[in-house]
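Chemist:
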């Protein structure tokens with residue numbers, strides 16, 4: 001089943017003293033491109049997080065965010081009382097003001113507030129890891145839902161191409177008859193006697209140059225293979241992209257050999273459908 005590279009997943013963890021929000025967003029990309037944002041104390045686990053994302057998401061531009069909101073009394077930021085007292089003492093020698101105003105000034109000065117870097121609690125990390133896995137489950141489900149929509153669109157467009165190919169096959173005999181008629185009329189117009197056997201040989205050779213039998217067969221096979229790959233268990237956007245290139249090659253060859261306005265109109269319609277397929281394939285995992 002195909003998956004889209006567009007997705008979103010979010011999990012919120014409520015711990016005793018903090019609330020942790022984990023967000024995952026993904027867009028299409030040729031490879032895996034992870035942008036991770038998190039507090040510095042969790043940077044030691046960044047490599048583990050990237051491996052976890054790569055295992056489940058495979059490809060796409062991934063934005064990973066881990067936000068922490070302190071909800072309890074514990075905080076890693078501490079007021080350095082000794083430094084603040086020294087600042088206030090020095091400020092009194094410079095300016096006049098009450099204690100409150102001097103404190104407001106002192107607290108903004110360097111080293112007045114220090115942040116203690118705590119080691120990651122393994123139990124807390126285990127909960128965060130479960131939260132990341134939950135967010136991954138949600139974003140993969142989102143990708144599958146988007147993939148189902150894409151799959152239906154691809155199926156409809158391939159079905160349209162198959163219908164247009166049948167139209168091409170239907171008008172091919174009259175196209176060949178038209179080529180033959182034009183050549184015979186050209187010979188008649190110049191009022192020259194020709195060797196009928198030689199003329200027939202040249203006519204067959206000329207018509208063979210416009211024969212599209214092989215292209216029709218290959219195109220039909222490519223369209224069937226696209227649908228088969230679309231219904232496979234894995235999501236392989238690159239493979240579908242390669243098949244669409246082969247489809248385009250056959251359509252272009254039919255167009256170059258057509259030499260017949262009604263068939264060329266069908267080829268234009270086929271190219272339009274294929275172009276829409278290629279645009280959507282850019283977003284398939």
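Numbering (full-length UniProt numbering), first residue to last: 1 to 285.
Even for Gly, the Cβ is constructed at its ideal location relative to N, Cα and C.
1) Looking at the strands, I want to know which residues DSSP matches up with residue 8.
2) Quick one, which of 9, 107 and 124 has its alpha-carbon nearest residue 19's?
3) What do you reckon, are the CB atoms on residue 58 and residue 134 nearer than 7 Å?
4) Using a 10 Å radius around the Cβ and a threshold of 16 neighbouring Cβ atoms, would you call residue 175 buried or exposed?
5) So, at 6 Å on beta carbons, what are the nonlocal neighbours of residue 61 in its own chain, with the 5 sequence-adjacent residues on each side left out?
6) Under a Cβ-count criterion, where at least 16 other Cβ atoms within 10 Å of its own Cβ denotes burial, should residue 130 be classed as buried or exposed?
7) Which residues does DSSP list as the beta-bridge partners of residue 37?
8) Quick one: Cα of residue 95 to Cα of residue 79, how far?
9) Do you know how far the Cα of residue 152 is from the Cα of residue 141?
10) Mind the definition here: the region 256-276 touches the region 225-237 only if three or more C-beta pairs lie below 8 Å; say whether that holds.
11) Considering only the alpha carbon of each residue, which of 6, 14, 35 and 49 lies closest to residue 63?
12) Where residue 146 and residue 3 are concerned, what is the direct C-alpha to C-alpha distance, given to the nearest angstrom?
13) Look up residue 97 in the DSSP assignment and say whether it is helix, strand or coil.
Modeler: Working from what's here:
1) Your numbering for residue 8 matches position 8 in the chain shown. DSSP output for residue 8 lists 25 as bridge partner(s).
2) In the chain shown, counting from the first residue as 1, residue 19 sits at position 19. When each option's Cα is compared against that of residue 19, the closest is 124.
3) Here the question's residue 58 lines up with position 58 in the chain shown. Here the question's residue 134 lines up with position 134 in the chain shown. No, these two residues do not count as a Cβ contact at 7 Å.
4) Position 175 of the chain shown, counted from the first residue, corresponds to residue 175. Label assigned to residue 175: buried.
5) Numbered from 1 along the chain shown, position 61 holds the residue referred to as residue 61. If we look at residue 61 and ignore the five residues flanking it on each side, its Cβ neighbours are 27, 29 and 33.
6) Sequence index remark: in the chain shown, residue 130 carries index 130 (1-based). By the 10 Å Cβ count, residue 130 comes out exposed.
7) Within the chain shown, numbered from 1, the residue matching residue 37 stands at position 37. Paired residues: 65.
8) As a working note, residue 95 is residue 95 in the chain shown. As a working note, residue 79 is residue 79 in the chain shown. Computed Cα separation, rounded: 23 Å.
9) In the chain shown, residue 141 corresponds to position 141, counting from 1. In the chain shown, residue 152 corresponds to position 152, counting from 1. The straight-line gap from Cα to Cα measures roughly 17 Å.
10) Result no; under three Cβ-Cβ pairs closer than 8 Å.
11) Translated into the one-based positions of the chain shown, residue 63 becomes position 63. Here the closest residue by C-alpha is 35.
12) If you number the chain shown from 1, residue 146 lands on position 146. If you number the chain shown from 1, residue 3 lands on position 3. Roughly 7 Å between the two C-alpha positions.
13) Start at 1 with the first residue of the chain shown, and residue 97 comes out as number 97. Here residue 97 sits in coil by DSSP.
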